[in-house]
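Student: Chains as they are written, first to last, in my numbering: chain P, 42 to 463; chain U, 145 to 453.
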């Protein structure tokens, strides 16, 4: 691994200087030899981004994504770490499954892979998975989620929050009351769903579960993370819970910050996602919440799907969309360009806060001598029309295809090596 | 016109043209030999991913009476996440040189998706709980004939009450769009649990009280209540539904003079409509069925061109 010398980069705090990297860490400029030089004049250097919510599809659906392609997409998006959700095949519900995933990542990954364990065996929502053994394994799992499915049973959720407390674990909930919508629910319940005859999810399917879960978190003194908050009502419940000191964090996806439910009028299944795209008042609420810190972080919910799983009627096609490669672009477009978030805010919401979910010592750290060398070089002014075929992902369910967006990521360095360079 | 996917796509001129040509087509039903050469050499595939008797038969007759080569495919269950994708199914049949697909599908939007993938013309013969534009056209055809018999066939100023399970009805969505284009006043009547979200933005009046509007309507269109809804918690019992929302003999007696009754079928006699109402002299229910063939001939003619004779 060659040393790196990045010259002229501006940091989030506004200072400009050269960054030297050797043996995976930032060092004094005098500490590098025969370094590969990167001219970062006019570019911003931010700590490597951390995605708290990624579907890598390996093992199980390597036709849709692999650890190699998913983490390369992450690198192209400026990420140096991703949290690999447990809804794999086999499900990450044992220490063996967690260690296997870690071994695959050690061989193939272009970013750090943080293993997320399931809350319940087989994601069935009934019996707890081996949380303690997963935690004690070499994967050191401290985050648990049945994401893709909601832990519906209140008692199971209570037990999970209580049990994970013993080792400081966090339970990440996909908050969605499946009983509040019909079986075919596939979009946001609104005037549009009524007109299109598509069964919809009301916003309260999300906020009712968040409300229950923050109460259970209070009861158990546990730790809750709310995945992909998409509604104004959900934001209000979290704001209220935080004001009462409940130990809860929350994330919002790039697509819930940027795309509205009117996209489904085309019946293009690229826009089928769960939770669904919402109406403007919800978009405004989650943007505001990300700005004021009620929502702590951005999570991509990067969900690759093979074409044959999307070429179906809207109610049958699988839900989910890509996110890793355009997440920073979307945050710049809706949060930075509009003055809602400054660069220090971006660093917090996309790097430091998600890294703190699992108490990472390698990610979300400042750019400083002695720290792990994870960074992304950003050109804040660059723009491009998104082309879904220009991707590292194996899948093409990119909802930003054809849109003019910022094109910020110039280079990514993970643990001292270049994982992406434009 | 390339496709007929939504009743909302039709301008007043287009809708009127379809109804007028349907009148010409209607004459064929009285002939001993029901055959026009109009669509000779054209291939129409009726793709029914969902069961249907009257709509499929009516499209088949419409195609055959116009000399099209009409093929019926019952593809029920063939488009699931495990089987061949809808896209592959459509591309395969499109590649055989099909001129027109008539598609019925259980999923809302599936027909519009199919239309985006194929070269051929596409007619929506009912997609999920979204739309059923030819049903709305045949309803309008039967209603216009009824109004004409009363001396004035203008839709303007007429009140059409549509009653029943609006939430799960593709018929109501297409009827609202078409009747508003034609100029009618539409009043929607349903229990609150069977009203679609946002129905107040459809440009219609909406009420939960059938009795308040039953004597205002020129047309009362009763919608079928599917048996499975009775177990879905949408209303307490069939008895209560009939009492509150059925076209009972008592409500039949309160209809204004000249008012007529429609039902897209199949009916649940005794539930949403009494036999007295279904078989009344002012019931248009069989006229709707007859109109179905004529209107579908007209739709195929408008899409596939040629001259009527």
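From the three backbone atoms N, C-alpha and C, an ideal C-beta is built for every residue, glycine too. On a predicted model such as this, the values are computed, not experimentally measured, just so you know.
1. Tell me which residue opens and which closes the alpha helix (DSSP H) that residue 439 of chain U is part of.
2. Pick out whichever of P/58, P/64 and P/93 has its Cα sitting closest to the Cα of residue 36 of chain P.
3. Please return the same chain residues whose Cβ sits closer than 8 Å to the Cβ of residue 225 of chain U, not counting the five positions on each side in sequence.
4. Taking a cut of 7 Å between CB atoms, which residues from the region 298-327 of chain U lie near chain P?
5. Across the region 393-401 of chain U and the region 415-423 of chain U, are there enough close Cβ pairs to call them in contact, namely three or more that are closer than 8 Å?
6. Among U/376, U/306, U/188 and U/318, whose alpha-carbon lies nearest the alpha-carbon of residue 357 of chain U?
7. What distance in whole Å lies between the Cβ atoms of residue 161 of chain P and residue 197 of chain P, which are believed to be in contact at a cut-off of 8 Å?
8. Is residue 225 of chain U close to chain P, meaning its C-beta is less than 9 Å from at least one C-beta of that chain?
9. Of all the alpha helix (DSSP H) runs that stay within the bounds of the region 137-213 of chain P, which reach a length of 4 or more residues?
10. Please name the residues in the region 307-331 of chain P whose beta-carbon is closer than 9 Å to at least one beta-carbon of chain U, in chain order.
11. Does the beta carbon of residue 230 of chain U come closer than 9 Å to any beta carbon on chain P?
12. Three Cβ pairs or more, each shorter than 8 Å: is that satisfied between the region 200-215 of chain U and the region 181-190 of chain U?
13. Using DSSP's beta-bridge definition, name the partner residues of residue 147 of chain U.
14. Report the rounded CA-to-CA distance for residue 328 of chain P versus residue 376 of chain P, giving the unit in angstroms.
15. Excluding the 5 residues preceding and the 5 following residue 403 of chain U in the sequence, name in chain order all residues of the same chain whose CB lies nearer than 8 Å to its CB.
16. Shorter than 9 Å from the beta carbon of residue 273 of chain U to some beta carbon of chain P?
17. Using the rule of at least 16 other Cβ atoms within 10 Å of the residue's Cβ for burial, across every protein chain shown, is residue 379 of chain P buried or exposed?
18. So, are the CB atoms of residue 367 of chain U and residue 308 of chain U less than 9 Å apart?
19. Among all the DSSP beta bridges, which residues are the ones paired with residue 52 of chain P?
20. Per DSSP, what kind of secondary structure is residue 63 of chain P in: helix, strand or coil?
21. May I ask you to report which of helix, strand or coil DSSP gives residue 428 of chain P?
22. Is there a C-beta anywhere in chain U that falls below 9 Å from the one on residue 352 of chain P?
23. Here's a check: name, in chain order, each residue in its chain whose Cβ is nearer than 6 Å to the Cβ of residue 290 of chain P, leaving out the five neighbours to either side.
24. Where do the ends of the beta strand (DSSP E) carrying residue 384 of chain U lie?
25. Suppose you measure from the CA of residue 245 of chain P to the CA of residue 216 of chain P; what does that come to, to the nearest Å?
26. Is residue 349 of chain P close to chain U? Criterion is C-beta to C-beta, closer than 9 Å.
27. Report all residues from its chain with a CB closer than 6 Å to the CB of residue 405 of chain P; omit the five preceding and five following residues, and keep chain order.
28. Between the region 280-300 of chain U and the region 163-176 of chain U, do at least 3 Cβ pairs fall closer than 8 Å?
29. Give a yes or no on whether 9 Å exceeds the smallest Cβ distance from residue 240 of chain P to chain U.
30. Roughly how many angstroms separate the alpha carbons of residue 236 of chain P and residue 346 of chain U, rounded to a whole number?
31. Please specify which runs of the beta strand (DSSP E), each continuous and at least 3 residues long, are wholly inside the region 96-136 of chain P, giving them in chain order.
32. Whose C-alpha, out of P/126, P/407 and P/255, is nearest the C-alpha of residue 275 of chain P?
33. Suppose contacts are defined by Cβ-Cβ distances below 9 Å. Is residue 453 of chain P in contact with residue 398 of chain P by that definition?
34. Any C-beta of chain U sitting closer than 9 Å to the C-beta of residue 104 of chain P?
35. From residue 106 of chain P to residue 99 of chain P, what distance separates their C-alpha atoms?
36. Within its chain, find whatever has a CB closer than 8 Å to the CB of residue 331 of chain U; leave out the 5 residues flanking it on each side and keep chain order.
Tutor: Well, looking at it:
1. Along the second chain, read from residue 1 onward, the residue named residue 439 of chain U stands at position 295. Unbroken alpha helix (DSSP H) run through residue 439 of chain U: 429-448.
2. Since the displayed chain P opens at 42 and closes at 463, residue 36 of chain P lies outside it and no answer follows.
3. Residue 225 of chain U sits at position 81 when you count from the first residue of the second chain. A caution first: residue 225 of chain U carries a pLDDT of 47, below 50, which makes its placement in the model unreliable, though a value can still be read off. Excluding positions up to five away in sequence, the list is empty.
4. 314 and 317
5. yes
6. For this step, residue 357 of chain U is matched to residue 213 along the second chain. Among U/376, U/306, U/188 and U/318, the Cα nearest to that of residue 357 of chain U belongs to U/306.
7. For the purposes of this step, residue 197 of chain P is taken as residue 156 along the first chain, with counting starting at 1. For the purposes of this step, residue 161 of chain P is taken as residue 120 along the first chain, with counting starting at 1. Yes, they are in contact, since the Cβ atoms of residue 197 of chain P and residue 161 of chain P sit about 6 Å apart, within 8 Å.
8. Walking along the second chain from the start, residue 225 of chain U turns up at place 81. Legend: pLDDT at residue 225 of chain U = 47, less than 50; position of this residue unreliable, value from coordinates given subsequently. Interface residue, yes.
9. 172-177 and 195-205
10. 307, 308, 309 and 310
11. As a working note, residue 230 of chain U is residue 86 in the second chain. Taking Cβ atoms only, chain P reaches closer than 9 Å to residue 230 of chain U, which makes this a yes.
12. yes
13. Residue numbering aside, residue 147 of chain U sits at position 3 when the second chain is read from its first letter. For residue 147 of chain U, the pairing in a beta bridge is given by DSSP as U/266.
14. Position 287 of the first chain, counted from the first residue, corresponds to residue 328 of chain P. Position 335 of the first chain, counted from the first residue, corresponds to residue 376 of chain P. Roughly 7 Å between the two C-alpha positions.
15. For the purposes of this step, residue 403 of chain U is taken as the residue at position 259 of the second chain. So the qualifying residues of the chain are 361, 362, 363, 364 and 426.
16. As a working mapping, residue 273 of chain U is identified with position 129 in the second chain. True, the Cβ-Cβ gap to chain P drops below 9 Å.
17. Here residue 379 of chain P is taken as the residue at index 338 of the first chain, counted from 1. Residue 379 of chain P is exposed by the Cβ-count criterion.
18. For this step, residue 367 of chain U is matched to residue 223 along the second chain. For this step, residue 308 of chain U is matched to residue 164 along the second chain. Cβ distance < 9 Å, so residue 367 of chain U and residue 308 of chain U count as in contact.
19. Taking the first chain and counting its residues from 1, the one referred to as residue 52 of chain P is at position 11. According to DSSP, which records beta bridges pairwise, residue 52 of chain P is partnered with P/86.
20. Counting from 1 along the first chain, the entry for residue 63 of chain P is found at position 22. In the structure shown, residue 63 of chain P sits in a strand (DSSP, three-state: E or B).
21. Residue 428 of chain P sits at position 387 when you count from the first residue of the first chain. Three-state DSSP puts residue 428 of chain P in coil, outside helix and strand.
22. Translated into the one-based positions of the first chain, residue 352 of chain P becomes position 311. Closer than 9 Å to some Cβ of chain U, the Cβ of residue 352 of chain P qualifies, so yes.
23. Counting from 1 along the first chain, the entry for residue 290 of chain P is found at position 249. So the qualifying residues of the chain are 266 and 337.
24. For this step, residue 384 of chain U is matched to residue 240 along the second chain. Looking at the DSSP string, residue 384 of chain U is not in any beta strand (DSSP E); the run it does join, the alpha helix (DSSP H), is 382-389.
25. Reading the first chain from its first residue, position 204 is the one you call residue 245 of chain P. Reading the first chain from its first residue, position 175 is the one you call residue 216 of chain P. If you take the alpha carbons of residue 245 of chain P and residue 216 of chain P, they lie about 10 Å apart.
26. The sequence position of residue 349 of chain P within the first chain is 308, counting from 1. So yes, residue 349 of chain P belongs to the interface.
27. Locating residue 405 of chain P in the first chain gives position 364, counting from the first residue. So the qualifying residues of the chain are 91, 392, 393 and 396.
28. yes
29. Taking the first chain and counting its residues from 1, one reaches residue 240 of chain P at position 199. With 9 Å as the cut-off, residue 240 of chain P counts as an interface residue toward chain U.
30. Locating residue 236 of chain P in the first chain gives position 195, where the first residue counts as 1. Locating residue 346 of chain U in the second chain gives position 202, where the first residue counts as 1. Put simply, the backbone Cα of residue 236 of chain P is about 8 Å away from that of residue 346 of chain U.
31. 120-125
32. Here residue 275 of chain P refers to the residue found at position 234 when the first chain is read from its first residue. Comparing Cα positions, the closest option is P/255.
33. On the first chain, residue 453 of chain P is found 412 positions in, with the first residue counted as 1. On the first chain, residue 398 of chain P is found 357 positions in, with the first residue counted as 1. Against a cut-off of 9 Å, the Cβ pair of residue 398 of chain P and residue 453 of chain P comes out as no contact.
34. Residue mapping note: residue 104 of chain P aligns to position 63 of the first chain, counting from 1. Any Cβ of chain U closer than 9 Å to the Cβ of residue 104 of chain P would place that residue at the interface, and such an atom is absent.
35. One-based indexing of the first chain puts residue 106 of chain P at position 65. One-based indexing of the first chain puts residue 99 of chain P at position 58. Their backbone Cα atoms lie some 7 Å apart in a straight line.
36. Numbered from 1 along the second chain, position 187 holds the residue referred to as residue 331 of chain U. Answer for residue 331 of chain U: 303, 304, 305, 306, 348, 349, 350, 351, 357, 360 and 361, listed in chain order.
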